[in-house]
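Numbering-wise, the sequence shown is residues 8 to 189 according to our numbering. Ideal placement from N, C-alpha and C gives every residue a C-beta, glycine not left out. Here is the structure we will look at.
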Amino acid sequence: MNESLRQVVHLVFGLGIAGFVHLFDRNLVLSALVLTLFAGFILSDAIARGYTIPVVSRVIAGLERRDAVPGKGALFFALGALFCLVFFGKEIAFIGLVVLSLLDSVTTLAGARFGRTRIYNHKSLEGTLAGIAVTAIVLCLLVPPPIALTTAAATALAELVSPVDDNLVIPVVACLVLVLLL
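In structure tokens:
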């Protein structure tokens, strides 16, 4: 598994899902996410049981971390997206997914490349600060700068300390912060 490739795929597909949420009708997006989760759980279970599924098995083998449930990251991303879309407005959910895509990918990529100072949960200060900076800069295109920085910092802190998968935590924290500040 190539972690850099995994994070680039996370970023590209995550922003694609965020764009889908932004561009299409809420009900269509909800239906697509539920269908994706249902199909994803079926495929994950089949692969975990030893079945080989053309294309899917190779993609998962190349992108999934060792000893992880097949497709766990993608399933949790879709579940986090679904939760945000159900419990927050469409525009807030869109921004929450942008935060998830950027923050998670940038912190991992920058931390792997430049991380020297471990601060918590094997995560680096350098990766965390890079994630906050990039996320805040991009969010300034969508919300006022103080809200962008607060959202980026709060979600980075949540990612740093949460024992739960960050694909579930980051978008929810981002949406909660945005609802409180907007």
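* Which of helix, strand or coil does DSSP assign to S169? -> Three-state DSSP puts S169 in coil, outside helix and strand.
* Cα-Cα separation, L42 to L187 -> Taking the straight line joining both Cα atoms gives about 31 Å.
* To do: Note down the Cα distance separating V19 from E71, rounded to an integer number of angstroms.
  => Whole-angstrom Cα-Cα distance: 16 Å.
* Residue interval of the beta strand (DSSP E) (run including R125) -> It spans R125 to Y127 - the beta strand (DSSP E) in which R125 sits, taken as one unbroken run.
* **Integer Cβ distance of A181 from I102, believed to fall under 8 Å** => Between A181 and I102, the beta carbon gap of about 7 Å places them in contact (Cβ cut-off 8 Å).
* Counting Cβ pairs, one atom from each stretch, are 3 or more of them under 8 Å apart for the segment 89 to 96 and the segment 45 to 54? -> No: the two stretches stay apart, fewer than three of their Cβ pairs being nearer than 8 Å.
* Asked: Exposed or buried, which one is D32 when buried takes at least 16 other CB atoms within 10 Å?
  -> D32 comes out exposed.
* Under 8 Å between the Cβ atoms of F84 and G21? -> Result yes, Cβ atoms of F84 and G21 sit closer than 8 Å.
* Closest by CA to A163, which one among P151, S112 and L189? -> Selected option, being the one with the closest Cα: S112.
* Enumerate in chain order the residues of its own chain whose CB-to-CB distance from V16 is below 7 Å, with the five nearest sequence positions on each side excluded. => Excluding sequence neighbours, V16 sits near L70.
* If T142 and A119 are in contact, beta carbons under 8 Å, what's the gap, nearest whole angstrom? -> About 17 Å separates the two Cβ atoms, so there is no contact after all.
* To do: Using a threshold of 8 Å, state whether the C-beta atoms of V106 and I24 are closer than that.
  => In this structure, I24 does not lie closer than 8 Å to V106 by Cβ.
* Asked: Taking all protein chains shown into account, do 16 or more other C-beta atoms lie within 10 angstroms of the C-beta of P77, making it buried, or fewer, making it exposed?
  -> By the neighbour-count rule (16 or more Cβ atoms within 10 Å), P77 is buried.
* **Extent of the continuous alpha helix (DSSP H) to which V101 belongs** => A quick correction: the sequence has Phe, not Val, at residue 101. DSSP places F101 in the uninterrupted alpha helix (DSSP H) bounded by K97 to F121.
* Asked: Terminal residues of the continuous alpha helix (DSSP H) containing I67?
  -> Judged by DSSP secondary structure, I67 falls within the alpha helix (DSSP H) whose first and last residues are V63 to L70.
* With a threshold of 16 other CB atoms inside 10 Å of the CB of N174, please say whether the residue is buried or exposed. => The residue in question, N174, is buried, as its Cβ has 16 or more Cβ neighbours within 10 Å.
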